[in-house]
Amino acid sequence: MADKYPHHQIEPKWQQYWDENKTFKAADFSEKPKYYILDMFPFISGAGLHVGHPEGYTATDILARYMRMRGFNVLHPMGWDAFGLPAEQYAIETGVHPSKKTTENIATFKRQIQSLGFSYDWDREINTTDEKYYKWTQWIFLKLFEKGLAYEAEVPVNWCPALGTVLANEEVIDGKSERGGHPVVRKPMRQWMLKITAYADRLLADLDEVEWPDSIKEMQRNWIGRSEGANVHFNIPVIEKNITVFTTRPDTLWGATYMVLAPEHPLVNSITTTEQKEAVQAYQNQAGLKSDLDRTDLAKEKTGVFTGHYATNPVNGEQIPIWISDYVLMSYGTGAIMAVPAHDERDYAFAKKFKLPIMEVVSGGDISTEAFTEIEEGVMVNSTTPDGTFSINGLKPSQAIGKTIEWLEAERKGEYAVQYRLRDWLFSRQRYWGEPIPILHDEDGGVFPLSDSDLPLTLPVLEKIKPTGTGESPLANAKEWVRVVDPDTGKVYRRETNTMPQWAGSCWYYLRYLDPDNDKAGWDPEKEKYWMPVDLYVGGAEHAVLHLLYARFWHKVLYDLGYVSTKEPFQRLINQGLILGEDGDKMSKSRGNVINPDDVVREYGADTLRLYEMFMGPLERAKPWSTKGIEGIFRFLNRVWRHFVSEGDQLQHISNKIAPDQGTLRQLHATIKKVTEDLESKSFNTAISQLMILNNHFRTLEAVPRESFEIFVLLLSPFAPHLAEELWERLGHSTTLAYEAWPEYDQQYLFENMIRFAVQVNGKLRDTFDISTDATKDEILQKAKSLEKIIKYIEGKTVVKEIVVPKKLVNLVVK
RNA sequence: GCCGUGGUGGCGGAAUUGGUAGACGCGCUGGAUUUAGGAUCCAGUCUCCUCUGGAGGUGCAGGUUCGAUUCCUGUCCGCGGCACCA
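Each residue of the first sequence is one higher than the last, beginning at 708 in the working numbering.
Right under this line is the structure:
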């Protein structure tokens, strides 16, 4: 191993140099154009970094370094997302306070990240659990509250009576608690909600303004789930009230043969007959145990109970039975639907199971076998009011929808409506390790926000973090903290004991990086105007919907209040794919396939790890780790080093005297072009293979001209910065190459005077030939047809078509 | 189930305004060097066949085209998300 290149010396040396010289400190305000490149900061767990983290971090680091060399003022920060479940669970199990464990874990993450030589401006490091940070998270919550976007509601949670605590979905497996296997029930509990639905239309519309992958935009659009239709009012004679349903298909009103309410619908009790009471209540209890996912999408078999009463169909006066079923969700629409089994698949399945009538109002399908749901095909039938004054018969469903809404509005039986699938954000957690919600309650149910000057509201230090047994947060155990007495009035308040979800801190961290030490404000508006928006945001695809939607929502609220100057926080977004274990499975402790970057750095060095992570394949794709693959990259860096640095530690095979030959110039400039273009398109893997090709070429030369080699070193430097800095220094430069100008290619060296053409006969490759680049089409054809192998194929046949693709191929079609 | 995404040699992958499939790397085979092993260097390496040539080949089945990994239809399988993991 003696002849391996000395990464153990080189890497710490340059990390120390960058640190001491603050090489990567980002200046607020500059003549240069700014570039804000952001990583999704890591969620801190006890497991430390795994090789999946550095994938995105390496990609952004390469681009950050590249952009500096292109003359940009680059902001590239890092911080820690450190509230959340793991530290709290650890505390419950071991008695170690979450803040202690979190501090240790952060130290590990930081050491690991720094060992990879990323060019972060460490003066901007942030930590969501730092009270100087979460003071401003709480401040934003107060802004949301003042704007009426935070409210309390009764919402079901996963309640585990045996553990005396509320569980996260993740902690519930098949209706049992992960720890102990105790039964878990859905229990309504008072919760803080954020009214993200008030921003649904803007969250949807402004997706057009950001440069994100179409697939991510599509997922967000589907998540928001805008649908247009009508609210229709059905009279319920027994209670002399209306129940409003939302439907996207008001044209099928004449086909509504029954109505379904969500089991939790507030009117269920009042419209249930005595005979049905028992069955309805049993069903309600049962439905309460299921999650929405179990109730709707995963439920193959429909269930439900008849309430015993009827509703009046507003278009024809018919009495239709009212059922309850868990495929109707209280959280979507009005919690009630009109069921049109002939033209809705779910209603069809339900009607078949409970033998309810199926009435065709759009002809064109076969409703004896399945629901017919087309709206551009088919013709409305049986759709006339009893008095004959209104009919949509004969129309296409898509035309009938609008006409029916007009009629409903005129008759005051309904109106146009837009519904979103997006639900308000359940914002409270019954946990200790989160930001305290800065709210006081009085005995009469009054809610009082703290004033800005009371912030931060810090977490009380608890001797032991343990469940309260009531479902309240462990904070409720901190009696003195919870009880607040107004010094002026003597009035007693109770602090909110719920805390914020982990998402809160990550909803605005990109703003805190702009001004991390400001204790007067979350950030300085001038700095915000200079740096925002984030020019490139890189992180895991698993955040495609939730984190990105929540952060966009907060940003828009801050925009409305004038605290930020851009409508959207993240102008460009890239999602990196998962790095899988060597066995092709997701890395996890239980599978034993986790690769620890510490081991890789020790064995091969940071540059090798960085290069390998990028060489594995396209950034966005999931790809398996390979120990053999990383050795290949290590060999490449070794070859670079050993070819140019002698045993005696002197530069070799580099000449000041010779000029580059044509072949070298062409390879060199092709490499500048390819690497530059690949960096622009984030195709890191192919950029690296091009660098390998150039190095392979260099190694065939007696000596490489110094200027050519320097260009190679600069091109390599964003990928393998330690090695590049070391070579740069040995080439006689006294300062870092981090701000050297990025090489530019010259088109003239790429020119070749001969070009290779492929010759196909009937689309099959038969031969190739070389010809001058300025050859005419006729010359090319003539040459192609004169080739021995080609003559064999066209002899005695008629050439019916001759295709010449410039600079590529000739195809002769013969009969 | 719904939404999104992917499927190319033994492996990771390359090549798409439709134009020579398999760049680069790994692995493997042979050779050089070495007391030996490792490391390093050189050459070869999609599969098959009747081998100076030819046939097949990009999950599967079709279609469009002079020509399809690329476009279209259908289908199978893997992965990510599904609102309290983040």
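Note that the Cβ used here is the ideal one computed from N, Cα and C, for glycine as well.
Quick caveat, the model's predicted, so the values are computed rather than measured.
Item	Value
The region 738–750 in contact with the region 764–774 per 3-pair CB rule at 8 Å	yes
Cβ-based burial, residue 1295 [other Cβ within 10 Å; buried from 16]	exposed
Terminal residues of the alpha helix (DSSP H) in which residue 1254 lies	1253–1267
Contacting residues, own chain, Cβ-Cβ under 7 Å from residue 1417 (five flanking each side not counted)	1438
Minimum C-alpha distance to residue 953 - residue among 850, 1423, 1038	1038
Classification of residue 783 by the beta-carbon crowding that lies within 10 angstroms, buried from 16 upward	buried
DSSP three-state assignment for residue 739, whether helix, strand or coil	coil
Spatial neighbours of residue 712 in its chain, beta-carbon cut-off 6 Å, leaving aside the 5 residues before and after	1345, 1348
Buried or exposed by the 16-neighbour rule on C-beta atoms within 10 Å, applied to residue 1506	exposed
Burial state of residue 765, where buried means 16 or more other Cβ atoms lie within 10 Å	buried
Proximity of residue 1250 and residue 747 at Cβ, strictly below 9 Å	yes
Stretch-stretch touch, CB-based, cutoff 8 Å, three pairs: the region 981–997 with the region 1068–1083	no
Nearest-angstrom Cα separation, counted from residue 1272 out to residue 1516	53 Å
Straight-line Cα distance separating residue 809 from residue 816	10 Å
Presumed contact (8 Å Cβ cut-off) between residue 1018 and residue 1048, rounded CB distance	Rounded, the Cβ-Cβ distance is 16 Å, inconsistent with contact.
C-alpha distance - residue 1232 paired with residue 1270, whole-angstrom precision	7 Å
Residues bridged to residue 1521 [DSSP beta-bridge criterion]	1506
Reference residue 889; option with closest CA among 868, 752, 875, 1450	868
Backbone CA spacing between residue 1301 and residue 1326 [nearest angstrom]	20 Å
Whether residue 1027 touches residue 1123 by CB criterion (9 Å)	no
Those residues which DSSP pairs with residue 1148 across a bridge	1154, 1201
Alpha helix (DSSP H) segment containing residue 723, residue limits	714–727
Distance, residue 763 Cα to residue 1183 Cα	40 Å
Spatial neighbours of residue 1256 in its chain, beta-carbon cut-off 7 Å, leaving aside the 5 residues before and after	910, 927, 930
Buried versus exposed, by CB contacts within 10 Å (16 or more), residue 780	buried
Residue 718 versus residue 1166: straight-line alpha-carbon distance, rounded	40 Å
Same chain, Cβ closer than 6 Å to residue 1391, neighbours up to 5 away in sequence not counted	1321
Residue interval of the beta strand (DSSP E) (run including residue 951)	948–954
Contacts around residue 980, its chain only, beta-carbon distance under 8 Å, and the 5 residues preceding and following it disregarded	1014, 1015, 1016
Three-way DSSP call (helix, strand, coil) for residue 884 in this model	strand
CA-to-CA distance, residue 1404 to residue 708, given in whole angstroms	With a pLDDT of only 37 at residue 708, under 50, the local geometry of the prediction cannot be trusted, and the value read off the model is given with reservation. Using only the alpha carbons, I get a separation of about 26 Å.
Residue 1436 to residue 1330 span [Cα, whole Å]	36 Å
Whole-Å CB distance - residue 1207 paired with residue 1299, under 8 Å assumed	Rounded, the Cβ-Cβ distance is 35 Å, inconsistent with contact.
Neighbour-count burial assignment, residue 906, 16 or more Cβ in a 10 Å radius	buried
Expected contact under 8 Å - CB spacing of residue 1050 and residue 1128 to nearest Å	At roughly 20 Å, the Cβ-Cβ gap does not stay under 8 Å, so residue 1050 and residue 1128 are not in contact.
Pairwise C-alpha distance: residue 799 and residue 1171	8 Å
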